[in-house]
Ligand SMILES: CC(C)(COP(=O)(O)OP(=O)(O)OC[C@H]1O[C@@H](n2cnc3c(N)ncnc32)[C@H](O)[C@@H]1OP(=O)(O)O)[C@@H](O)C(=O)NCCC(=O)NCCS
């Protein structure tokens, strides 16, 4: 099974529930993924999706191993599926490292703090509940909101892949970021005897703050 357990996430405007995706809601994802205005900041640019693609996507997600994924359901009156947030995680030697991804398919929901709240909840679940050591993520460099949302949970840029996409006459670059579990045990495993870069020392406090927020505002049902 791929999907993570139900979590309620406090938000000023919406009731946010992270929940297993429902197959019946896939048309909302298909609609969003078919819009270049939505995918312009992703590496899925320029594709159109059909109901059949949505069904296959759902089955692939449902059966994927080493993945924890949620649908992001928003309620403000009617409940809608706004997006997906996920993590692929595997053991690497004595460590468990995850690779995260997230999308909000409806531009009407952007810029309203949904990713911020969901990133905190996801990070809390992966670090405090599952005990992962670190998370890797990537975002298109020009997607400032995505970069800021990741920085907000204490992610630090560790690399840049140039020219991964071409959109409307400009190359897109992909920023690679990492977020380390701030617990003493995970921190020591991750860094070993290496000096910790100062930007990660500062980021550790942001991750701690995000986890503290989640302790107060996320309910694992
Ligand atoms: C990128 C995305 C995930 C951000 O989610 P969101 O819910 O809109 O983000 P939030 O409202 O929580 O804002 C996150 C941060 O970005 C900032 N931000 C929001 N919209 C912004 C914009 N248009 N330009 C610059 N910064 C923006 C916020 O101020 C906040 O920064 P802060 O924490 O430093 O104050 C979402 O907009 C999205 O999915 N967009 C299109 C699809 C996509 O790009 N998906 C791939 C993401 S890897």
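Numbering (this note's numbering), first residue to last: 778 to 998. Note that the Cβ used here is the ideal one computed from N, Cα and C, for glycine as well. Computed from a predicted structure; not experimentally measured.
Asked: Do residue 967 and residue 910 have their beta-carbon atoms positioned less than 7 angstroms apart in this structure?; Found: yes
Asked: Three-state secondary structure (DSSP) at residue 814?; Found: helix
Asked: Are the CB atoms of residue 921 and residue 935 nearer to each other than 7 angstroms?; Found: no
Asked: The alpha helix (DSSP H) that contains residue 960, what's its start and end?; Found: First-last for residue 960: undefined, no H or E at that position.
Asked: Helix, strand or coil for residue 853, going by three-state DSSP, please let me know.; Found: strand
Asked: When you compare the CB of residue 803 with every CB in chain D, is at least one pair closer than 7 angstroms?; Found: The displayed structure is made up of one protein chain only, and chain D is not part of it.
Asked: Could you give the DSSP three-state label for residue 941: helix, strand or coil?; Found: strand
Asked: Would the beta-carbon of residue 844 fall within 7 angstroms of that of residue 826?; Found: no
Asked: Does at least one heavy atom of ligand 1 sit under 6 angstroms from the Cβ of residue 814?; Found: no
Asked: Can you find a heavy atom of ligand 1 that lies under 6 angstroms from the Cβ of residue 922?; Found: yes
Asked: Could you spell out the range, first to last residue, of the alpha helix (DSSP H) harbouring residue 891?; Found: 891 to 901
Asked: Classify residue 906 as helix, strand or coil using the three-state DSSP reduction.; Found: helix
Asked: Would you give the residue range spanned by the alpha helix (DSSP H) that residue 796 belongs to?; Found: Taken as a continuous stretch (DSSP letters only), residue 796 belongs to no alpha helix (DSSP H), being part of the beta strand (DSSP E) at 792 to 796.
Asked: Hey, is residue 818 close to ligand 1, as in C-beta under 6 angstroms from one of its heavy atoms?; Found: yes
Asked: Could you tell me whether the Cβ atoms of residue 862 and residue 913 are closer together than 7 angstroms?; Found: no
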